[in-house]
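**Student:**
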Amino acid sequence: MSPYKHRQPGTYARVTFGALALLGFAAALYLGTDDSKAIWVFGGMAALMLAGLLLFHCLTVEVVRGYLRFRFGIGLIHRQFRVRDIESAEKVRNRWFYGWGIKLTPHGWLFSVSGFDAIQIKLKNGRQYRIGTDEPGALLSALESAMKRA
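Per the working numbering, residue 33 is the first one in the sequence shown, and the count goes up by one each step.
1) Decide if residue 149 is buried, meaning its Cβ has at least 16 other Cβ atoms within 10 Å, or exposed.
2) Just mark residue 72 as buried or exposed, buried being the case when its beta carbon has 16 or more other beta carbons within 10 Å.
3) For the segment 128-142 against the segment 162-175, do three or more pairs of beta-carbon atoms, one drawn from each stretch, fall closer than 8 Å, so that the two count as touching?
4) DSSP has residue 142 in a bridge; who is on the other side?
5) In the structure shown, what three-state DSSP assignment does residue 127 receive?
6) For residue 107 and residue 124, I'd like the C-alpha separation in whole angstroms.
7) Put residue 91 into one of helix, strand or coil per three-state DSSP.
8) So within the segment 43-129, which uninterrupted beta strand (DSSP E) runs reach at least 3 residues, ignoring any that extend past its ends?
9) Give me, in chain order, the residues of the same chain whose beta-carbon lies closer than 8 Å to that of residue 49; leave out the 5 immediate sequence neighbours on both sides.
10) Indicate the three-state DSSP secondary structure (helix, strand or coil) for residue 150 in the structure shown.
11) Cβ atoms of residue 151 and residue 168: under 9 Å apart, would you say?
12) Given 8 Å as the limit, tell me if residue 81 has its C-beta closer than that to any heavy atom belonging to the ligand HEM.
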């Protein structure tokens, strides 16, 4: 099977961080004419929101060369697992209150940017992870195929 690679857009993160960054820059420009501290406060908030946007605007997942790899946004936050270390993988649906981002859930660490579908992997060492995806069938198929070859 050919390598799997898919980029899922983080629509919620894009809208939220983008809107807050624009709001912060607009407030800094509008209020900064009367108060220089406003430029620093709102400009700083806007810069933080812009950083959040760069970090979480998408989630890219790959199954390639014996590894399951995923990275958020520009790639500063990333993780990889050797396929041979994976004991099992299954499609799951996250509860709404698990949210998005990087969180510890009752089912292990969750990495997600949008939606509620995910693939849960259990490693041979007992640790569990959930990787959000809008293509759970395709990701699971690629992962199972790689696990058979490993």
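Cβ coordinates follow ideal geometry from the N, Cα and C atoms, glycine included.
**Tutor:** Once the coordinates are examined:
1) Against the sequence shown, residue 149 aligns to sequence position 117. By the 10 Å Cβ count, residue 149 comes out buried.
2) Within the sequence shown, residue 72 is the residue found at index 40, counting from 1. A residue is called buried when at least 16 other Cβ atoms come within 10 angstroms of its Cβ; residue 72 does not meet this threshold and is exposed.
3) Counting Cβ pairs under 8 Å, three or more are found: they touch.
4) Mapped onto the sequence shown, residue 142 falls at position 110. Note: residue 142 sits in a beta bridge opposite 135, 162.
5) What you label residue 127 is simply residue 95 of the sequence shown in a count that begins at 1. Note: residue 127 maps to coil in three-state DSSP.
6) The residue labelled residue 107 in the question sits at position 75 within the sequence shown. The residue labelled residue 124 in the question sits at position 92 within the sequence shown. Answer to the nearest angstrom: the Cα atoms are 25 Å apart.
7) Within the sequence shown, the letter at position 59 stands for residue 91. Shown here, residue 91 sits in a strand according to DSSP, grouped into three states.
8) DSSP runs (the beta strand (DSSP E)) wholly in the segment 43-129: 90-96, 99-104, 109-114, 118-125.
9) On the sequence shown, residue 49 is found 17 positions in, with the first residue counted as 1. Around residue 49: 81, 82, 84, 85, 88, 89.
10) For the purposes of this step, residue 150 is taken as residue 118 along the sequence shown, with counting starting at 1. Here DSSP, grouped into helix, strand and coil, assigns residue 150 to strand.
11) Here residue 168 refers to the residue found at position 136 of the sequence shown. Here residue 151 refers to the residue found at position 119 of the sequence shown. A contact, by the Cβ cut-off of 9 Å.
12) For the ligand HEM, the structure offers nothing, since it holds no ligand at all.
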